[in-house]
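Residue numbers for the sequence shown follow the working numbering, so the first one is 2 and each next one is one higher. C-beta: ideal position from N, C-alpha, C; glycine also. Since the model is a prediction, treat every value here as computed from it, not as a measurement. Here's the structure we're looking at; comments come further down.
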Amino acid sequence: MPVGRLMAMPLTRSPSVVVISDFVEGWPPAFGDDTGFDSAGSGWCKRLVDQPFAPVDDIDPARGALDVVGGYLERLPLACIKEGLCDHAEIWHHWRGEGPGPFRRDGPLLARRSFRLDHEGAPFSSRDMLEFLETVGVPHILCVYGLGVDTEILSACANSFKIYNSIDAPALRVPAEVSGLFDLVLTGADWQTAEVQARHPGMACAVMPIGPEFADPLTFRPLGLAKDYDIVYVAAAQPYKRHDILFDALERLPPSLRTLCVFGYGEMADDLRRRAADSGLDVDFVGPPGVPFEEVNRLMNRARIGVVCGVDDGAPAILTEYMLAGLPVLANARLSCGRQFILPETGRLAEAADFAGAITAMLDDLPAFSPRQAVLDRWAWPHTITRLRGLIAKTR
């Protein structure tokens, strides 16, 4: 497809939802390798024989058996299928390695594929993605997260209903010329909504952070395990998660308290292990690398409370995942997004300097909390997809 071709493309024949993440895979970079692609998109015509953009089974039985599970990337599109907003879904990543990007099926109604980038840098540009859209049509619902895609891709998807969520503390992580092309922006807090509307007056917005709002009660649930830890902290081993706040508190608390840290990824794990050893803290560590969601749930079930220490953070999915596992949550009172999930029955907010006292108070008052029921009543995915359906209908 020639650069600069911005005409809107037709919708796919079968209703679909696509989520575009900002995850980039493939190494070393090979941006000049166009093997398999040409300006007419015939490369995709050939590849779609084995990688169809379509459900692979009869739709109604597959939808009926569908479980809305997984991470923040999977739960929204699966909920859209379950609700009947679309027939199938894909999650799209970006690829900078040699040759075509990978494709795989997560099930009969959900697949994921990676598109070759034109160059490094965001918002992401991909002639490969444009050729795919020209070949198959554009999704009925397009959700773009994080660092975003360029105006060429969004303009090609003018017929799609386009949703943006930054997944992070900045309300918008894309330039104004990109964010102005969306139909709906999902935010994590009222202050984010105000920032979006200051840039784009009249822009449709909703406080609906996709991680904690599309909560998954099947994966995250009480297991009735023995509580051999007092505290669990599930977070990336990265500075913005503010592990120092928890460790400062632990150094002021009785040494008999037991803590479990579960890291999915991050570069701080060894430093935190050393700090725990040097301070004589009773802290066990799992990861990185991360473990499957079912194992995360099992590990959380071994603790009495969960903690969220970050400040400059989006509304993390772990907030309601802790709660669905039956754990009340202690969160930083300065958390940028997500404080609305901390209710009297779900947990407590505390300043960093007061974390030690808040941990003690919560451990002494566990019967006062009913976190799972609060999530089931408010933020489990059936509630959220009903709200999203209404927003789409209102905004179209």
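Name the one or two DSSP bridge partners that residue i has.
| i | result |
| --- | --- |
| E121 | Note: E121 sits in no beta bridge, so no partner. |
| F104 | R114 |
| L261 | V233, D285 |
| E26 | W96 |
| L12 | V139 |
| S17 | H89 |
| V197 | Answer is none; V197 lacks a bridge partner. |
| V330 | G307, G348 |
| A216 | A381 |
Can you tell me where the alpha helix (DSSP H) with residue i in it begins and where it stops?
| i | result |
| --- | --- |
| E84 | 73-84 |
| T188 | Run containing T188: none in the alpha helix (DSSP H); it sits in the beta strand (DSSP E), 185-188. |
| P62 | 60-65 |
| R275 | 270-280 |
| Q374 | 372-379 |
| E322 | 319-325 |
Residue j and residue i - do their beta-carbons sit closer together than 8 Å?
| i | j | result |
| --- | --- | --- |
| F125 | W93 | no |
| G288 | V263 | yes |
| L344 | I306 | no |
| G212 | P329 | no |
| M10 | N160 | yes |
| R259 | D229 | yes |
| G339 | L320 | yes |
| R243 | G181 | no |
| G147 | S127 | no |
| L131 | A157 | yes |
| H95 | V25 | yes |
| D88 | S22 | no |
| I386 | A55 | no |
| R114 | G102 | yes |
| D285 | L261 | yes |
| V1 | P78 | As displayed, the chain neither begins before 2 nor continues past 397, which places residue 1 out of reach and without an answer. |
| D283 | P256 | yes |
| V69 | K83 | yes |
| A304 | T347 | no |
| E268 | A236 | no |
Let's see if you can read the secondary structure: which residues bound the beta strand (DSSP E) around residue i?
| i | result |
| --- | --- |
| R335 | Where R335 is concerned, there is no enclosing beta strand (DSSP E), given that its DSSP letter is neither H nor E. |
| R349 | 348-351 |
| Y165 | 162-166 |
| Y146 | 142-146 |
Between residue i and residue j, how many whole angstroms is the CB-CB distance? I'm expecting something under 8 Å.
| i | j | result |
| --- | --- | --- |
| V18 | L86 | 7 Å |
| G189 | P171 | In fact, because the Cβ distance is near 10 Å, the residues do not count as touching under 8 Å. |
| A359 | R349 | 5 Å |
| D184 | F162 | 5 Å |
| E352 | A332 | Their Cβ separation, rounded to whole angstroms, is 11 Å, which puts E352 and A332 out of contact at 8 Å. |
| A12 | V139 | This sequence places Leu at residue 12; Ala is not what is there. Sure, about 6 Å apart at Cβ, within 8 Å. |
| G27 | G98 | 3 Å |
| L247 | Y234 | 6 Å |
| N298 | R373 | So it is not a contact: roughly 12 Å between Cβ atoms. |
| V179 | T152 | 6 Å |
| F32 | L134 | About 20 Å separates the two Cβ atoms, so there is no contact after all. |
DSSP three-state label for residue i, please.
| i | result |
| --- | --- |
| M2 | The predicted position of M2 is uncertain, since its pLDDT is 40 and thus under 50; a value taken from the coordinates is nonetheless stated next. Of the three classes helix, strand and coil, the one that applies to M2 here is coil, per DSSP. |
| M301 | helix |
| L344 | coil |
| C206 | strand |
| G37 | With a pLDDT of 48 at G37, under the threshold of 50, the modelled position of that residue is not reliable, and the figure given next carries that caveat. Looking at G37 - three-state DSSP - the assignment turns out to be coil, as it is neither helix nor strand. |
| G307 | strand |
| H244 | helix |
| H384 | helix |
| E296 | helix |
| V312 | coil |
| V57 | coil |
| V179 | helix |
| G42 | For G42, the predicted model reports a pLDDT of 48, less than 50, meaning its position is unreliable; a value from the coordinates is still stated below. Note: G42 maps to coil in three-state DSSP. |
| V150 | strand |
| S156 | helix |
| Y266 | coil |
| D355 | helix |
| W192 | helix |
| D129 | helix |
| P368 | helix |
| R390 | helix |
| R174 | coil |
| A227 | coil |
Can you tell me whether residue i sits near the ligand GTP, meaning its C-beta is under 7 Å from at least one heavy atom of the ligand?
| i | result |
| --- | --- |
| G100 | The model depicted lacks the ligand GTP and carries no ligand whatsoever. |
Flag residue i as yes if its beta-carbon sits less than 8 Å from any beta-carbon of chain C, otherwise no.
| i | result |
| --- | --- |
| G391 | Absent here is chain C; the protein component of the structure consists of one chain. |
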